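To start, the structure itself, in structure tokens.
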Amino acid sequence: MSKLSKWVDRKSGYILTFPLVLIIVLFSILPILLTLQYSFFDMQLNDRSRNDTYLKPYVNLSLNQETIDYLHFYLNYDMGYVQNEETIAKIDEI
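So the sequence shown is numbered by our numbering: it starts at 16 and just counts up by one.
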């Protein structure tokens, strides 16, 4: 046997188990370590007193108006198919 084949025979176990060890580290040990790191910080993203988003009245108003316009467009489009007068009156109230 040549030196290369002997080296491959000795190291083949390490070479074949390396991907498995890498996957175990990435998907089980790393999240645990990150959780431990995050536990030392006060990360409350939904705290309204610290987060400015809830206090601003103009958050996403353009997106909200776009959604309302979208809904009104399709409500008006579908009004052509409605034949019951009571239903038309209720939709007009909206």
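Built from N, CA and C at the ideal position, the CB exists for glycine as well.
Computed from a predicted model, the values in this text were never measured in an experiment.
For valine 36, the three-state secondary structure derived from DSSP is helix. In the DSSP assignment, tyrosine 53 falls within the alpha helix (DSSP H) that extends over 45–53. If you draw a straight line from the Cα of proline 34 to the Cα of aspartate 24, it is about 18 Å long.
For isoleucine 83 and tyrosine 89, the gap between their C-alpha atoms comes out near 10 Å. The C-beta distance from methionine 94 to isoleucine 106 rounds to 7 Å, short enough to fall under 8 Å. Here the alpha carbon of phenylalanine 56 sits roughly 16 Å from the alpha carbon of proline 46. Counted as a single uninterrupted DSSP element, the alpha helix (DSSP H) harbouring leucine 86 occupies residues 76–93. Under the three-state reduction of DSSP output, isoleucine 109 falls in the coil class, being neither helix nor strand.
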